[in-house]
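Residue numbers for the sequence shown follow our numbering, beginning at 30 and rising by one. Glycine included, C-beta positions come from ideal geometry on N, C-alpha and C. Please read these numbers as outputs of a predicted model, since none were measured by experiment. Below is one structure, written out as C-alpha cells, with a few remarks after it.
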Amino acid sequence: MERDQSGRKAADPGSVLDKPKNGGRPTPDAAAPAPAGRSSKEGLIPIPDGPATIKPSTSADPYAYWSEYFRKHDETADQLHETVRLLNRNNKPRDVHAAVLGYLQHRRKNVEPWMYEALALAIEMNGGRPEDVKKSLDFAADLALRTHNPNHLISAADKLMLKGYYERVGPLIDESAAKIPHRAEPILMSINLAQQTKDPKRMADAVKRLLSVGWPGQDEYFRRESRKQVETLAKTLTEEGRADDAKSLLAILPDAEARDLYIRLTWDGNADYDLVVHEPLDATVTYLMPRSVFGGSLIQNGYGSHPDEVYVCPRGFDGDYTVRISMIYNDPKKPTTRLSLETITHEGTPEERKETISLVPDDSQAKPVVIHLKGGRRTTVLPFVSPMAVRQSVDDALGKKADTAKSTTPKAPQAAESKPRPIPVK
30 MERDQSGRKA ADPGSVLDKP KNGGRPTPDA AAPAPAGRSS KEGLIPIPDG
80 PATIKPSTSA DPYAYWSEYF RKHDETADQL HETVRLLNRN NKPRDVHAAV
130 LGYLQHRRKN VEPWMYEALA LAIEMNGGRP EDVKKSLDFA ADLALRTHNP
180 NHLISAADKL MLKGYYERVG PLIDESAAKI PHRAEPILMS INLAQQTKDP
230 KRMADAVKRL LSVGWPGQDE YFRRESRKQV ETLAKTLTEE GRADDAKSLL
280 AILPDAEARD LYIRLTWDGN ADYDLVVHEP LDATVTYLMP RSVFGGSLIQ
330 NGYGSHPDEV YVCPRGFDGD YTVRISMIYN DPKKPTTRLS LETITHEGTP
380 EERKETISLV PDDSQAKPVV IHLKGGRRTT VLPFVSPMAV RQSVDDALGK
430 KADTAKSTTP KAPQAAESKP RPIPVK
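As C-alpha cells, this is what we get:
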C-alpha cells in the first residue's frame, strides 16, 4: 500500500463504499477507516457519515434519491460539479451532501479530490461533526497525493489550512512547490503555514524561494510582505524564549532580498517604452514574455503617466545581458525628451555597483546597452511556461489589484489583530 509523505496510507481514488443499505443512506459506521489486512474488495475509501450525523430534513429523503440516480446515470466528474453548483445556488446543502455521497458510492472510477472537499463543506453546512469534516479533507489530501497534480495538492492544502488542520499541509505544498516553482501559491502558503506553526526553517526556506525570482505585477508587494512575515515570526519567537531561532531567521533577509541584476527605465513626457532584455543563455524577456526560464522578469510595465519599466533577475546566470529600448508610442503634444536607464549589479550586497545611462529618445542609431554579470547565484533553470499563460497570469494579478483598490474604502482604526495576517494566496 502506498503511503503519502506524512506516513499515512493513501486512500484509493478508484474505490468507494459498496452499495449502500437503508434506502441509499450510508451506514452509521461508514466513516471508520477500513481495518488493515482486508481484501482489495473490502479495502475501500471510507466515507463520512450520512444522515446519522446530519440534521434531519423534513423533505423527502435526498439520500435515497441521489443514490438511485447515480446508480443509473454514469455522469462525469464535470457533470457532478455542475450539479453541486446548482444545488448550492438553490441553497440545498443537504442535497449536495447526498449527491456527492451517491456519486462516490456508484461512480468509483471518476472520483476526484474536490469531491471530498465539497463533501466536507456540505457536512459543515448541514451541522455535521467537525471530525467528519476533517476526515473528508484528509481523504481529499490522500487523493491529491496520489494524483500528484499541483492544482489538487494546492486545493487540498488550502482547505486544510482554512480549518486549522496544519499537520498534513506541509507535504502537500512542498510537493506542489517542487513541481511548479514558477507559481507563487504554494510558496505563499508555506510562509503562512510557517507563521501559524512558528516554524523558522520553513519560513526561511519559503522566503528565499519566493525572492529568488521576480513576480510580474506583484514583485514589490511580495518583497514587502516577506520581510513583514519574517519580522513578525521573529518577534513571536523572541517572546517565547527562542531568541536564537529569531536571530537566525532575521539573518536570512539580506541575502534573500539581494538581487543579482536590476534594470530600470524612466522617461518624461507622455509615452510608452518597453524594455527588451536578452539574457546570456539565449532567452529574451519582453512585455509578451515577462519571465524567462533563466530567472529574469519584467516586474513593472510603465506607460503614459507611469513612466517606469523595471526588469530584475534576483538569481541570474553569469554573462552579458543585452538591453534594448522599444518605443511603443510617443505623444507629439507631450513628447519624451529624456530617457534614463539605471542598472545595478549585486543589489543589496557589498559588491553592489550602480550605473545610470542617459539615452536619446527614438534614436534609430542607438546601440544596445550590455551589462556583464559575474558571480550570479542561479544554479537551475525554471520550467518553461507558455508566453500566453505568463502574460495572462500577470494581467489577472494586475486586474485583481485594480479591483481591490477600487473597492477599498477608509475604515476606522481597529484593535491589533490577535493573529498574524497571512499573505493572500491568489
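Item                                                                                                                                                                       : Value
What would DSSP say about residue 199, mapped onto helix, strand or coil?                                                                                                  : helix
With a threshold of 8 Å on Cβ separation, who are the neighbours of residue 297 within its own chain once the five nearest residues in sequence on each side are excluded? : 336, 365, 366, 367
Going straight from the alpha carbon of residue 411 to that of residue 212, what length do you get?                                                                        : 11 Å
Specify, as a first and last residue, the run of the beta strand (DSSP E) that residue 303 falls within.                                                                   : 300-307
According to the Cβ coordinates, are residue 181 and residue 151 closer than 8 Å?                                                                                          : no
When the distance is taken between beta carbons, is residue 325 closer than 8 Å to residue 348?                                                                            : no
For residue 85, which residues in the same chain have their Cβ closer than 8 Å to its Cβ, ignoring the five residues on either side in sequence?                           : Low local confidence applies: a pLDDT of 37 at residue 85 is under 50, so the model's placement there is unreliable, with the coordinate-based value given in what follows. Nothing listed; no residue qualifies.
Which of helix, strand or coil does DSSP assign to residue 189?                                                                                                            : helix
Tell me the rounded alpha-carbon separation between residue 129 and residue 159.                                                                                           : 18 Å
Below 8 Å on the Cβ atoms is my guess for residue 153 versus residue 184; work out the distance and round it to an integer in Å.                                           : Not quite, the Cβ-Cβ distance comes to about 17 Å (not below 8 Å), so this is no contact.
Buried or exposed: where does residue 268 fall if 16 or more other Cβ atoms within 10 Å of its Cβ makes it buried?                                                         : exposed
Say whether chain B places a C-beta atom closer than 8 Å to the C-beta of residue 108.                                                                                     : This model lacks chain B altogether; it includes just one protein chain.
Are the beta-carbon atoms of residue 202 and residue 223 separated by less than 8 Å?                                                                                       : no
Exposed or buried, residue 492, counting other C-beta atoms within 10 Å across all chains shown (16 or more means buried)?                                                 : Here the chain has residues from 30 to 455 only, and residue 492 is not among them.
In the DSSP assignment, find the alpha helix (DSSP H) that holds residue 286 and state where it starts and stops.                                                          : 282-286
Classify residue 220 as helix, strand or coil using the three-state DSSP reduction.                                                                                        : helix
Would the beta-carbon of residue 351 fall within 8 Å of that of residue 369?                                                                                               : no
Quick one: grab the DSSP three-state call for residue 180.                                                                                                                 : helix
Where do the ends of the alpha helix (DSSP H) carrying residue 121 lie?                                                                                                    : Neither: residue 121 is in no alpha helix (DSSP H) and is coded neither H nor E.
Taking DSSP as the reference, what is the three-state secondary structure of residue 71?                                                                                   : Because residue 71 carries a pLDDT of 41, less than 50, the predicted location of this residue cannot be relied on, and the following value inherits that uncertainty. DSSP places residue 71 in coil when its eight states are reduced to three.
Using only alpha-carbon positions, find the residue among 210, 165, 204, 172 that is nearest to residue 192.                                                               : 165
I want to know whether the region 270-284 touches the region 353-365 - three or more CB-CB distances under 8 Å.                                                            : no
Report the three-state DSSP secondary structure of residue 252 (helix, strand or coil).                                                                                    : helix
Checking the sheet assignment: what are the DSSP bridge partners for residue 401?                                                                                          : 349
Is it buried or exposed for residue 334, if we count other Cβ within 10 angstroms and need 16 for buried?                                                                  : exposed
Buried or exposed for residue 246, please, with buried defined as at least 16 other CB atoms from any protein chain shown within 10 angstroms of its CB.                   : buried
Using DSSP with H/G/I as helix, E/B as strand and the rest coil, what is residue 396?                                                                                      : coil
With distances taken from CA atoms, which of 303, 242, 250 is nearest residue 209?                                                                                         : 242
Skipping 5 residues on each side, what residues in its chain have a beta carbon closer than 8 Å to that of residue 399?                                                    : 349, 350, 351, 352
Report all residues from its chain with a CB closer than 8 Å to the CB of residue 380; omit the five preceding and five following residues, and keep chain order.          : 374, 404
Am I right that residue 142 and residue 176 are in contact with their C-beta atoms under 8 Å? What's the rounded C-beta distance?                                          : 7 Å
What beta strand (DSSP E) runs, 3 residues minimum, are completely inside the region 330-385?                                                                              : 337-342, 348-359, 368-376
Does DSSP put residue 140 in a helix, a strand or coil?                                                                                                                    : coil
On the criterion of 16 or more Cβ atoms from any shown chain inside 10 Å, does residue 179 qualify as buried, or is it exposed?                                            : buried
Going straight from the alpha carbon of residue 70 to that of residue 110, what length do you get?                                                                         : Confidence at residue 70 is low in this model, with a pLDDT of 39, below 50, so its placement is unreliable and no value can be given for it.
What number of angstroms, rounded off, separates the C-alpha of residue 249 from the C-alpha of residue 376?                                                               : 15 Å
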